[in-house]
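Here's the structure we're looking at; comments come further down.
Residue numbers (the numbering used here): 3 to 533.
This is how it looks when you write it as structure tokens:
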């Protein structure tokens, strides 16, 4: 089957694409509101699963894999045998088939399909669709899944000449690697490595929310870097490793001083070849603990032409920023967008590491087009975020959520706003905030963000106000001044016991200011929300 072959898409696939488009409607358990962009708005929930997989979840009633495989065989005329996933006639199996398992995690498919990303053939779109959960699977399901997984990867390897893949999603199904034996894991990683080596046009990979163990994650990351580092333009690694995993041993004491950091790091070709073939292609070799930092730095070193990278803060911090400067795309000056995730596992006082002024200064000198989106979901207190926001960071977007707080510790939002206004006045263009029950009024602080950041283009706020007149002041300021604002979304937290006055007031204000904002070409929303 050639790449140019025209395939008839079965009706159920068209229905699936329609289901994906419907997913833009927010649901109760989702953390991020769809904004038609990679980075969403943190809104609610207790889970910290974020990133592109949110935008690419299909509907819960999507065709199960045992029906989909028949469609692949009949409609797409696949010439290779496809090992099916048998029905599991049990209560847990029924729950899983309806899209939830134990802790209500939705099942996602692998890789995901979204109309924003183009695929050269329909076969490349629909070949790999797998079910997975983030909870530990039962033994029966895991055994069947392993057979299905390995068989499909073998099939994919055999079909590489007929398929050209530009965009590859390696999401949640890889989480099951944590429960496979060593031989099965090595077999899957080896085959994936060979497949990626044979795809010369692979320029976008997502491996988010896989929660891999340290050794498996390092092997796969090194394989991606060595085989696809030249062609790869986008790589997304949020929650690629398990929670709290640190590939580099933490320091005993946190140091905020600026050490000397060399501009460039070089590796010997023989060392690279030995590391790759020993730890990726050889199943009987495990990565010694002392060499795990080296493997991470080798993987970063060969990501030479990335334009967009999404990664957690602690994996670029190293000791005090050394890992950041190992990035090949920083050395070559190609990186344009760095989406940096900062969670409770990245807290400076937990990891004893942070990216110092000197490291950011050298990174910006090597890569002057670099812009950073800083994402901090479920922040306990902004006191822990402040030291990370250094004035040499080219910070373009700031996204933060306090989540549902269970203690009385103040979030210190005022100090954060002072840091943003003082350090990033020339860079900051996008702000997205969700404050749940702040301890002190934030009206004048919210107004300060809009008035003191001259280059701000997008502003989204979800939270309470002390006085509704504060919103009038903000809107009047935007109306009477020539600003760069292109998007203004404001979601006022309502009283769950008496929401009608809030809804009525926001509706009246929206009707009053909407004509002016539409005339200015501003995307304008005023609504109420629940905390």
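Just so you know, even glycine gets a beta-carbon here, dropped at the ideal spot from N, CA and C. As the structure is a prediction and not an experimental result, all values here were calculated from the model.
Notebook entry, point to check: Given that a residue counts as buried once 16 or more other Cβ atoms are within 10 Å of its Cβ, and exposed if not, what is residue 197?
Noted result: buried
Notebook entry, point to check: Between which two residues does the alpha helix (DSSP H) carrying residue 330 extend?
Noted result: Unbroken alpha helix (DSSP H) run through residue 330: 330 to 333.
Item checked: 7 Å Cβ cutoff met for residue 429 and residue 391 -> No.
Notebook entry, point to check: Straight-line CA distance for residue 188 to residue 401?
Noted result: 37 Å
Note to self: Rounded to whole angstroms, what is the Cα-Cα separation between residue 462 and residue 325?
What the structure shows: 32 Å
Note to self: Comparing C-alpha positions only, which one of 437, 481, 472 sits nearest to residue 464?
What the structure shows: 437
Margin query: Among the candidates 297, 531, 524, whose CA atom is the shortest distance from the CA of residue 505?
Written below: 531
Check: So what's residue 432 in DSSP terms, helix, strand or just coil?
Finding: strand
Notebook entry, point to check: Going by the beta-carbon positions, is the gap between residue 204 and residue 155 smaller than 7 Å?
Noted result: no
Note to self: For residue 320 and residue 357, what's the separation of their Cα atoms in angstroms?
What the structure shows: In this structure, the alpha-carbon of residue 320 lies about 8 Å from that of residue 357.
Next item on the list: Just tell me which of 475, 218, 226 has its CA closest to the CA of residue 208.
Entry: 226
Note to self: My output table needs one value for residue 522: the three-state DSSP class, helix, strand or coil.
What the structure shows: Coil at residue 522, not helix or strand.
Margin query: Please report the distance separating the alpha-carbon of residue 180 from that of residue 214.
Written below: Taking the straight line joining both Cα atoms gives about 6 Å.
Margin query: Could you tell me the alpha carbon to alpha carbon distance between residue 454 and residue 231, rounded to whole angstroms?
Written below: 41 Å
Notebook entry, point to check: What is the C-beta distance between residue 350 and residue 305, in whole angstroms, given that I count them as a contact (C-beta under 8 Å)?
Noted result: With a Cβ gap of about 25 Å, residue 350 and residue 305 do not count as contacting.
Note to self: Rounding to the nearest angstrom, what Cα-Cα distance links residue 183 and residue 144 in this structure?
What the structure shows: 11 Å
Checklist line | Those residues which DSSP pairs with residue 300 across a bridge | finding: Paired residue(s): none; residue 300 is not in a bridge.
Check: Opposite residue 495 in the DSSP bridges: which residues?
Finding: Beta-bridge partners assigned by DSSP to residue 495: 531.
Notebook entry, point to check: To the nearest whole angstrom, what separates the beta carbons of residue 240 and residue 312, a pair I think is in contact under 8 Å?
Noted result: 5 Å
Checklist line | Alpha-carbon to alpha-carbon, residue 527 and residue 330 | finding: 41 Å
Next item on the list: Taking residue 462 as part of the beta strand (DSSP E), name the residues at either end of that continuous run.
Entry: 460 to 465
Item checked: Where the beta strand (DSSP E) through residue 472 begins and ends -> Here residue 472 belongs to no beta strand (DSSP E); instead the alpha helix (DSSP H) covers 471 to 482.
Checklist line | Buried or exposed by the 16-neighbour rule on C-beta atoms within 10 Å, applied to residue 380 | finding: buried
Next item on the list: Hey, could you find the ends of the beta strand (DSSP E) residue 220 is sitting in?
Entry: Looking at the DSSP string, residue 220 is not in any beta strand (DSSP E); the run it does join, the alpha helix (DSSP H), is 216 to 230.
Check: Between 220, 519, 445, which lies nearest to residue 317 when the distance is taken from Cα to Cα?
Finding: The residue among 220, 519, 445 with its C-alpha nearest the C-alpha of residue 317 is 220.
Next item on the list: Please work out which residues of its chain come closer than 8 Å, Cβ to Cβ, to residue 336, disregarding the five sequence neighbours upstream and downstream, and give them in chain order.
Entry: 306, 307, 308, 309, 369
Next item on the list: Assign residue 1 to one of three DSSP states: helix, strand, or coil.
Entry: Examination of residue 1 is not possible in this model, given that the chain is present from 3 through 533 alone.
Checklist line | Minimum C-alpha distance to residue 471 - residue among 510, 485, 433, 502 | finding: Nearest in C-alpha terms to residue 471, of all of 510, 485, 433, 502, is 510.
Notebook entry, point to check: Should residue 459 and residue 488 be called a contact, given that it needs their Cβ atoms to be closer than 7 Å?
Noted result: yes
Margin query: When you compare the CB positions of residue 452 and residue 476, do they come within less than 7 Å of one another, or not?
Written below: yes
Checklist line | Pair within 7 Å by beta-carbon distance, residue 497 and residue 468 | finding: no
Margin query: Tell me which residues share the same chain as residue 416 and place their Cβ nearer than 7 Å to its Cβ, disregarding the 5 neighbours each side in the sequence.
Written below: 447
Next item on the list: Using DSSP bridges, identify the partner residues of residue 378.
Entry: 402
Note to self: Starting from residue 236, trace the beta strand (DSSP E) in both directions and tell me its first and last residue.
What the structure shows: For residue 236, the enclosing beta strand (DSSP E) has its first and last residue at 236 to 238.
Next item on the list: Look at the alpha carbon of residue 201 and the alpha carbon of residue 228, and state the distance between them as a whole number of angstroms.
Entry: 13 Å
Notebook entry, point to check: Between the beta-carbon of residue 344 and the beta-carbon of residue 302, is there less than 7 Å?
Noted result: Cβ distance not < 7 Å, so residue 344 and residue 302 don't count as in contact.
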